[in-house]
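Written out below as structure tokens is the structure these notes cover.
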DNA sequence: GTTCCATGTTGACAGCGGCAACATTGGATG
DNA sequence: CATCCAATGTTGCCGCTGTCAACATGGAAC
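Residue numbers (my numbering), protein chains in the order written: chain A, 1 to 238; chain B, 1 to 238.
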């Protein structure tokens, strides 16, 4: 976003921007994110990032404890972007009038936003799941803490996209779609499949499928999940 | 290309540390696998592996093209072990008399073997899904090639654990559990969830759950899946 | 204006993957 | 048996990396 630097090489340093960059942390982070986008998680190289930012190799250590710390920052950025993707998908379609259908719509939309992010930002998606210091920066997964067979919402009410899934599932219980006895771990089951289809689409030979087939695979997965969640009497197959 | 050692030395084979190791490739591979087990995927360091094997740093280049090639070999080993885990779980319980139930049992057993491996060998499981040269070494996923909305079994008949899943699903169709129209991509949906629950168990805060809760989460996931797959009329509840 | 300290730079170190050249050997060949 | 050779293992070196210690700079507080 900020103006670029002028290479002052060549004797009399003309109006060099500043010895003090002013926003170096963000600049480094942006460069790192760009690297991940273009060349994958392993491309986050401190010296390269500093070079791309036009700064000395060790300048990064004034803003990040070490290499891993930079990566954690990238993970956080990825996490935020993913959460935005989920929210965007949520807002993409108008709510349904039927509250049960609306809850189902939200579950599917959350999953769709998750998959969309993974496919649009494979590098950022991958780096989120490389075990580092912190366990995981998945905006959904990282709020699964406190999950137990008592239910999940007791103790967690973060503003991340996980809340969307949890609330949608709770709504499913309220409106009789999901029986209370089957509510526990329903979120885990759902998100396992949503995350898994992302991995398959990115890492397996499924990546070679044509676009329509991929979408069909995703849709089929969602169908199986929603069907497995739905406790109501199945509609007369017509 | 796993190459076994050749007992060429005949009678008095055992001698001092020969200049020629005799089975260096396997020795290096073993050391690498041990490193992954103990310290994770990033711990596969060529020099360290050579050091642990008691050989010079560059000796490995006589058996592996480069670092990545060693990692691919580790992936292959992991893949084999995972396949063995799936087969073991398959054979753990006696087959059911009812063919439909038997097919369902096999689906669940395959998933259970997969999850068991991931939990028993987290390092090996993780390294299998780090994108490298080859797309993926998952014994199941890597045989998903050729998948289309026409079905999956057309063209793939490998002996890996994927066949187990595919055949079980086909049996479900034969015995009226899964309608033919819903057969396509059913394997993708299933394996997405199975793989996803592994990732969550390993990388997310779910890892902190007590053992029983983890098992409950896995079981719940399987239940949702099998329920979502089953097209039969649901039994009269209660 | 002087001082201070957050910020950025320089130089150095060990460790890494990888290449080239050299050393050693066991087995094939005469 | 002697000889050669190709497979195998070693040494030395390169550029690169993450990281540290010491030094330089300059905006802000006094």
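All residues carry an ideal CB built from backbone N, CA and C; glycine is no exception.
Report buried or exposed for residue i, applying the criterion of at least 16 other Cβ atoms within 10 angstroms of its Cβ.
| i | result |
| --- | --- |
| residue 62 of chain B | exposed |
| residue 96 of chain B | exposed |
| residue 126 of chain B | buried |
| residue 57 of chain B | exposed |
| residue 180 of chain A | exposed |
| residue 35 of chain A | buried |
| residue 240 of chain B | Residue 240 of chain B falls outside the range modelled here, since chain B spans only 1 to 238, and no answer is possible. |
| residue 134 of chain A | Residue confidence for residue 134 of chain A is low, a pLDDT of 45 falling below 50, so the modelled location carries little weight; the figure read from the coordinates is stated next. Residue 134 of chain A is exposed by the Cβ-count criterion. |
| residue 101 of chain A | exposed |
| residue 229 of chain B | buried |
| residue 98 of chain A | exposed |
| residue 18 of chain B | exposed |
| residue 210 of chain B | exposed |
| residue 38 of chain B | exposed |
| residue 195 of chain A | buried |
| residue 33 of chain A | buried |
| residue 212 of chain B | exposed |
| residue 176 of chain B | exposed |
| residue 186 of chain A | buried |
| residue 41 of chain B | buried |
| residue 54 of chain B | exposed |
| residue 203 of chain A | buried |
| residue 158 of chain B | Unreliable positioning characterises residue 158 of chain B in this predicted model, as indicated by a pLDDT of 41, which lies under 50. The coordinate reading is nonetheless provided below. It is exposed - the Cβ of residue 158 of chain B has fewer than 16 other Cβ atoms within 10 Å. |
| residue 233 of chain A | exposed |
| residue 174 of chain A | exposed |
| residue 193 of chain A | buried |
| residue 91 of chain B | exposed |
| residue 78 of chain A | buried |
| residue 93 of chain B | exposed |
| residue 103 of chain B | buried |
| residue 208 of chain A | exposed |
| residue 224 of chain B | buried |
Give the interface partners of residue i over in chain B, defined as CB-CB distance under 8 Å, in chain order.
| i | result |
| --- | --- |
| residue 131 of chain A | 40, 126, 202, 203 |
| residue 197 of chain A | 188, 189, 192, 196 |
| residue 184 of chain A | 216, 220 |
| residue 104 of chain A | Simply none; closest approach about 13 Å. |
For a contact meaning CB atoms closer than 9 Å, what does residue i contact in chain A?
| i | result |
| --- | --- |
| residue 86 of chain B | Within 9 Å Cβ-Cβ: nothing; residue 86 of chain B doesn't reach chain A, min ~16 Å. |
| residue 178 of chain B | Those within 9 Å of residue 178 of chain B in chain A number zero; the least Cβ separation is about 10 Å. |
Applying a beta-carbon distance threshold of less than 8 Å, which residues of chain A neighbour residue i?
| i | result |
| --- | --- |
| residue 293 of chain B | The structure shown does not extend to residue 293 of chain B, since chain B is modelled only from 1 through 238, so no value can be given for it. |
| residue 165 of chain B | Going along chain A, no residue has its Cβ under 8 Å from residue 165 of chain B, so there is no contact; the nearest lies around 13 Å. |
Taking C-beta pairs closer than 7 Å, name the residues in chain A that residue i reaches, listed in chain order.
| i | result |
| --- | --- |
| residue 90 of chain B | Within 7 Å Cβ-Cβ: nothing; residue 90 of chain B doesn't reach chain A, min ~21 Å. |
| residue 46 of chain B | Within 7 Å Cβ-Cβ: nothing; residue 46 of chain B doesn't reach chain A, min ~16 Å. |
So which residues of chain B does residue i contact, with C-beta pairs closer than 7 Å?
| i | result |
| --- | --- |
| residue 169 of chain A | Ordered by position in chain B, no residue passes the 7 Å Cβ test against residue 169 of chain A, which lies about 12 Å from the chain. |
| residue 172 of chain A | Result: empty, since nearest Cβ-Cβ is about 13 Å, beyond 7 Å. |
Checklist entry - Just checking, does the region 80-96 of chain A make contact with the region 114-126 of chain A on the three C-beta pairs under 8 Å criterion? => result yes
Checklist entry - Would you say the region 23-33 of chain A touches the region 50-67 of chain A, given that touching needs at least three Cβ pairs under 8 Å? => result yes
Checklist entry - Residues in the region 50-63 of chain A with C-beta within 9 Å of chain B's C-beta atoms, listed in sequence order? => result none
Next on the checklist: Can you pull out the residues from the region 110-125 of chain B whose beta carbon lies closer than 8 Å to at least one beta carbon of chain A?
Outcome noted: none
Item to check | Stretch-stretch touch, CB-based, cutoff 8 Å, three pairs: the region 212-220 of chain B with the region 176-196 of chain A | outcome: yes
Checklist entry - Is it a yes or a no for the region 100-110 of chain A touching the region 163-180 of chain A, going by three-plus beta-carbon pairs under 8 Å? => result yes
Item to check | Interface positions of the region 69-84 of chain B facing chain A (Cβ-Cβ less than 9 Å), listed along the chain | outcome: none
Item to check | Residues from the region 16-33 of chain A in contact with chain B, defined by Cβ distance under 7 Å | outcome: none
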